[in-house]
Every structure is written in structure tokens, then in C-alpha cells.
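Chains as they are written, first to last, in the working numbering: chain A, 1 to 193; chain B, 1001 to 1193.
All C-beta atoms in this analysis are idealised placements derived from N, C-alpha and C, irrespective of residue type, glycine included.
A short worksheet on the structure shown next.
There are 2 protein chains.
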Amino acid sequence: MPKYKQFNRDKVLEAASTVFQEKGYNGTSIDEILTATGLSRSSLYDSFKDKHNLYLQSLEFYKESNDKTFQSLDEKDLNGLQKLETMFKGVVNHLVENPDDNGCLLVNAAAEMSKQCFKTSQVVCNNKDEVQNLLSSWISDAEQKKVIKLDKPAKVYGQFFYNTLCGLRVMSQSGAGKTELNNVVKVALDSLN
Amino acid sequence: MPKYKQFNRDKVLEAASTVFQEKGYNGTSIDEILTATGLSRSSLYDSFKDKHNLYLQSLEFYKESNDKTFQSLDEKDLNGLQKLETMFKGVVNHLVENPDDNGCLLVNAAAEMSKQCFKTSQVVCNNKDEVQNLLSSWISDAEQKKVIKLDKPAKVYGQFFYNTLCGLRVMSQSGAGKTELNNVVKVALDSLN
DNA sequence: AATAGTTTGGAATATTCGTTCCGATGTTTT
DNA sequence: AAAACATCGGAACGAATATTCCAAACTATT
């Protein structure tokens, strides 16, 4: 057997976060994680300590890959409003095209674990603040470029759109379809006029 | 021991739904339910079949008591906009004053169980449709009374405000405070002008 | 007061779970 | 090629789990 790690840490965390997203923390067994990741029992405990630690690492991995999506959108040559529109379009598209996808690991973690695990609540809370700040910066960019006109501080709209985002994830898990989600986004974006 | 049931079904379901709300379905053990409800093991299995069945009944009980809150607000002598404002004020107040409350059982159920249990997804989906319809009726009432003026069908706003509602529950579980939640409601309600 | 009818407490069971451990398997280094 | 080292597969363990079962406890009826 190999002398150096045979598996790719990111691949493992991606597979694990998928399972956790589908079944939740308490709903997934170690065996399910083993088959999903292809890891052996010993390797998993050797490299990730235990189930709870693996969950936290999966959560942070998920958050980071989420951040990357936001950041690459942020770096595009668009004004803030266009970035906002593109983001929502992408989210709705993803939710519609992946109906078996169980929402968002961060939202699910907030629902299942944030009151039981302080570290989980920290990740979830940090994510909220970061995404809100990014959205706020997009909105004040659009205001500066006179694309939109605001009657409230940009920060408030950042909070509002983050709320809209969370709602979309819950609604798609509650059986909402494409037009329903699009309607929500339409009304939300119209608040900028 | 008594000849007729010693316990109140509603009290039991209320206690059970509180535990399920705090710890989720997979996170709560039968023993926790027993101490929370004061029931004996045999009585629980005698009256509620098993854990999964108890969960579904708790979910429906929670939904019904939720419905009652909405309906009693609906019966008040207010126009649709006032009802909407009162509802949001009540939700935010509840979230702020009960920081240990783990959000909303229906939202948590959507996140944890809707993809794993068809009956759960049915309850969650029905709740979505019913609440949306009620909100829509409030909005078209406000429009008829010329309190507001809409540029989209009332139904669309019902979907939007339901989304806002779901978002609030997730955000409060993600550590959002009073002003944050109030800001969200403010922007959402301003979409009606 | 005795019987019939129900609930209840707690022991018992079978299953599943997370975790540990060790011999086997392989790779790198000498 | 052999020693040193790390990983891996799978058995094994203990704890926790959901569920069943039965005798004891109690009330209402007769």
C-alpha cells in the first residue's frame, strides 16, 4: 500500500459534503460516507479524526467553494446590479436543474446544527456576514454608477437579498418550481427601483 | 393505573414538536421525547405507533397551530396590508424574544427530511401553498381597497412574501439580530409601492 | 370487593452506530 | 532486496438506538 496519501482531500470533502447535504449530519452514517468517498474506515479516522470533525471540514470546504463562485462573479466586468442579477439567475438555474440536490449545506446546517454546535453556528454566521457584505458592495457599486437609486443604505439591501437567497433554498426544498422562484427574484430585484 | 388515557394528545404533540424543532428528527432520541412529554415508553408506542409516525403527527400539529395563528389574524378587522405588517412584526418579535427557539419546525423539516420522506415533503409543500394563498389574498384585498398599487399579480407577491418569511427563519438561526430582521421586512414591504 | 379493562414502568432484544485496532499490503529508502 | 514506514481492509467492541413485551398498577363497573 502507498506511502503517501492515496486520496485527494478536496475530492473527499466534496463527496462528504454532498452526503451531509442530502441526509444531514445525524442522518448520515460513517458507512455511507465511506462508500461515497471510497475511503477506508481507518484512513478516514486517521485523516479526519472523527465524524464531527469531518462534518465541520466539509462545511468549511462547501463554504469556500461557495465563496469562490461569488468571487469569480465579483471579478467579472459587470456593474453591481448585473452581478446581482447574474447571481440570482445562477442560483435559480442550479436549483431548477438539480431538483434532487438537497438545497444548500449551509442552510441545512443552520437548520439542523447551529443550535447544537457552536462551531457550526460560527461558520454559518460568518458566511452570512460575508455574503451580505459582498451583496452590499455590489449594490453600492450600482448606486455609484447611477444604475439604481436607493432610499435606504446599501447594507440594508445586502441583508434583504441575503434573506431572499436563503428563502430560495428553502422554497426549492418545499417543492417550488422554476416560475415560482423566478417570480420571487423578480419582485426582490424590483425593490431597487 | 387509569382506565382512560392520562395524557393530553395536544400537549404531547406540542412537547414532541418542540424537541423535534430543537434537535431535528434524526437528532432526537425516543428517551428525550419520553422525558419531554412525560409519557411512558409503552404509552408512546401504543398511541403513536413509532418515532416516524410521531414526527409526522408533530409536524401536522405544528402546522395546524401555525394555521390558527394566521387565521385569527386573518379574521381581524384590518386591511390586507395591515395584516401583512402585523404578521411580519409578530414573526420578528417571536424570533427576537425566543433566541433559543430553533427557528421553525416546518423550515427545519424541509431542510432535513423533505428529500428523504415523501409525507414530510407533502406537509411542507401544502403549508407553502396555503400560506402563499393567504398572503396573496391579503395583498389583493389591499389592492382592491386602494391601499397599495401593484404592477404584478397578487399571487406573485404572495410567493415573494412567503420566501421572505422562510428567509427570516433561516437568518435568525444564522445569528441575525433584531435590526437585521427588521431591515429585511422593511425592504420587503416597500416592494408594494 | 371482585372483575374487567387499560395504562404504565422497566426489563429485554435486536439493530445500528461511531470508533478502535491489528495484520496485510504496498511504497520508499537504504 | 530488505528494512522502514504508511495506508488499508475488515474484524471487533462498546455504546446508543428504536422497538417489543409482560407483569404490575390502577380505575371503572358490577
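The C-beta distance from residue 73 of chain A to residue 83 of chain A rounds to 6 Å, short enough to fall under 8 Å. In terms of Cβ geometry, residue 1170 of chain B and residue 107 of chain A form a close pair [threshold 9 Å]. Among the residues facing chain A, residue 1112 of chain B is included, as its CB has a counterpart in that chain under 9 Å away. For the pair residue 116 of chain A and residue 1027 of chain B, the CB atoms are nearer than the 9 Å cut-off.
By the criterion of a C-beta distance shorter than 8 Å, residue 1178 of chain B is surrounded in its chain by 1092 and 1096, once the five residues flanking it on both sides are discounted. Between residue 1118 of chain B and residue 1189 of chain B, the C-beta gap is not smaller than 9 Å, which leaves the two residues out of contact. DSSP, reduced to helix, strand and coil, places residue 1038 of chain B outside both helices and strands of the structure shown, so it counts as coil.
Inclusion of residue 112 of chain A and residue 167 of chain A in the CB contact set at 9 Å is not warranted, their separation being larger than that value. Between residue 158 of chain A and residue 191 of chain A, the beta carbon gap of about 12 Å keeps them out of contact (Cβ cut-off 8 Å).
Within chain B, no C-beta atom comes nearer than 9 Å to that of residue 19 of chain A; the closest sits roughly 12 Å away.
Close CB contacts of residue 181 of chain A within its chain, under the 8 Å cut and outside five residues either way in sequence, are with 92, 95, 96, 168, 171 and 172 (chain order).
Between residue 1149 of chain B and chain A, the shortest Cβ-Cβ separation is not below 9 Å.
With fewer than 16 other beta carbons inside 10 angstroms of its own, residue 1133 of chain B counts as exposed. Comparing alpha-carbon positions, the option among B:1186, B:1185 and B:1022 lying closest to residue 1098 of chain B turns out to be B:1022.
For residue 1067 of chain B, the uninterrupted alpha helix (DSSP H) segment begins and ends at 1051-1074.
Per DSSP, residue 83 of chain A is one residue of the alpha helix (DSSP H) stretching across 80-97. Within a 10 Å sphere around the beta-carbon of residue 86 of chain A sit fewer than 16 other beta-carbons, which makes this residue exposed. At a cut-off of 9 Å, the C-beta of residue 164 of chain A has a neighbouring C-beta in chain B. Neighbours of residue 180 of chain A in chain B, taken as residues at a C-beta separation under 8 Å, are given in chain order as 1159. Counting only Cβ-Cβ distances below 7 Å, residue 1022 of chain B has contacts in chain A at 115, in chain order. Taking 9 Å as the cut-off, the beta carbon of residue 1174 of chain B is found closer than this to the beta carbon of residue 121 of chain A. For a cut-off of 8 Å, the C-beta gap from residue 1034 of chain B to residue 1044 of chain B is around 7 Å, short enough to register as a contact. At a cut-off of 9 Å between beta carbons, residue 137 of chain A makes no contact with chain B.
Of all alpha-carbon atoms in B:1193, B:1163 and B:1176, the one lying nearest the alpha-carbon of residue 185 of chain A is that of B:1163. At a C-beta separation below 7 Å, residue 103 of chain A has these neighbours in chain B: 1111. When CB distances to chain B are screened at a threshold of 7 Å, not a single residue of the segment 36-60 of chain A falls below it.
Taking residue 55 of chain A as the centre and dropping the five residues before and after it, the same chain places the C-beta of 20 and 25 closer than 7 Å to its C-beta, in chain order.
The residues 1086, in chain order, have a CB closer than 8 Å to that of residue 1078 of chain B in the same chain once the five nearest residues on each side in sequence are set aside.
In terms of Cβ geometry, residue 1100 of chain B and residue 1061 of chain B do not form a close pair [threshold 9 Å]. Secondary structure at residue 150 of chain A: coil, using DSSP grouped into helix, strand and coil. In terms of beta-carbon proximity, residue 1171 of chain B lines the interface with chain A, with at least one pair separated by less than 9 Å. Apart from the 5 residues on each side of it in sequence, residue 1070 of chain B sits with its Cβ closer than 8 Å to the Cβ of 1087, 1131 and 1134 in its chain, given in chain order. Under the DSSP assignment, residue 1100 of chain B falls outside any alpha helix (DSSP H); it carries neither an H nor an E label.
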